[in-house]
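Here the structure comes first, spelled out in structure tokens, and everything after it is commentary.
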Amino acid sequence: MEGKNDKIQIYHVNLLKPYQQRLERVNLFVNGGKENQECEMDELAIPYSVSDPKIYDFDRIKADSKLEGSLSLTEIESIKQVLGRHQKIFPNDPFKTHLVEHDFEVISNKPIRSKPYRTSQRQNEILKSEIKRMLDLNIIEIGQYDYASPMILVESPSKDPRPFIDYRLLNANVRTQLFPLPKIEERVEKVSASIVEAKP
């Protein structure tokens, strides 16, 4: 990619590691008296992290990506080995992460609503099936809010139709969050003018 002074910069991704959630530290004390014998087992359950294994099927990935038409058998086998080592990162179906949350502030308290776009019966069926698929994968949830943005279907000759949500009106009413960074030149000058004292 082009960087400063029109120099070519190359960025490498050296490690692909899935996120591993650590077990919660729980201090459990159980009294052996008769009162605690009647308590439910759920009350004594230790909250271990529940792993959600993702379905990995290379044959499906190969068919959906049409690898046989553009790669040789050796290259396909090489990709299979790489994806096999990192199969938790490359599932067949998309999933929702719990690691990142996005927070934004709207300019006005007035709810922002947009009318749905007009679509054909064929497009409606595709949108309904995609919505059902995302509901089954727990990516989205049913809710009733004052804000509404229209969903559109993007179609291209070489790709499957993909649903998108037009957030342009909402984005136009979102307050811009600015996080100014200090100038590196000023920081370097401040450090260079400092006096470092080393104690024996």
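For the sequence shown, the positions run 947 to 1146 when this note's numbering is used. Each residue gets a CB set at the ideal place from its N, CA and C atoms; glycine is no exception. Predicted model only: the values in this text are computed from it and were never measured.
When the options are compared against residue i, the one with the closest alpha-carbon
| i | options | result |
| --- | --- | --- |
| K1042 | I1007, S1054, M1080 | M1080 |
| Y1093 | Q1033, S1016, P1103, L1115 | L1115 |
| I1072 | P1107, L1127, I1141 | P1107 |
| N1055 | R1121, K1136, K1078 | R1121 |
| S1060 | E1051, Y1091, R1031 | Y1091 |
| H1048 | P1128, Q1123, E1132 | Q1123 |
| D1010 | G1030, K1105, S1018 | K1105 |
| H1044 | S1138, I1085, S1095 | I1085 |
| V1028 | S1016, I1007, V1046, K1012 | I1007 |
Run of the alpha helix (DSSP H) containing residue i, from where it starts to where it stops
| i | result |
| --- | --- |
| F1004 | 1004-1011 |
| L1018 | Contrary to the premise, residue 1018 reads as Ser rather than Leu in this sequence. Segment: none, S1018 is in no alpha helix (DSSP H) and carries neither H nor E. |
| V1134 | 1130-1138 |
| R1108 | Counting along the chain, R1108 falls outside any alpha helix (DSSP H), though it belongs to the beta strand (DSSP E) covering 1105-1111. |
| I1098 | Run containing I1098: none in the alpha helix (DSSP H); it sits in the beta strand (DSSP E), 1097-1102. |
| N1117 | 1114-1118 |
| S1066 | Per DSSP, S1066 belongs to no alpha helix (DSSP H) and is neither H nor E. |
Anticipated Cβ contact below 8 angstroms, residue i with residue j, distance rounded
| i | j | result |
| --- | --- | --- |
| I1022 | E1014 | 7 angstroms |
| P1109 | E1076 | 5 angstroms |
| Y1113 | S1140 | In fact, because the Cβ distance is near 47 angstroms, the residues do not count as touching under 8 angstroms. |
Burial state of residue i (16 or more Cβ within 10 Å)
| i | result |
| --- | --- |
| E986 | Because E986 carries a pLDDT of 44, less than 50, the predicted location of this residue cannot be relied on, and no value is offered for it. |
| Q983 | Here Q983 scores only 44 on pLDDT, less than 50, and its place in the model should not be relied on; the value that follows carries that caveat. It is exposed - the Cβ of Q983 has fewer than 16 other Cβ atoms within 10 Å. |
| G979 | With a pLDDT of 47 at G979, under the threshold of 50, the modelled position of this residue cannot be trusted; read the value that follows with caution. Exposed, by the Cβ-count rule. |
Inter-stretch contact at 8 angstroms, needing at least 3 Cβ pairs: the stretch 1094-1111 / the stretch 1061-1072: Three or more Cβ pairs closer than 8 angstroms define a contact, and the stretch 1094-1111 meets that threshold against the stretch 1061-1072.
Inter-stretch contact at 8 angstroms, needing at least 3 Cβ pairs: the stretch 1000-1011 / the stretch 1024-1040: Cβ pair count under 8 angstroms is three or more, so yes.
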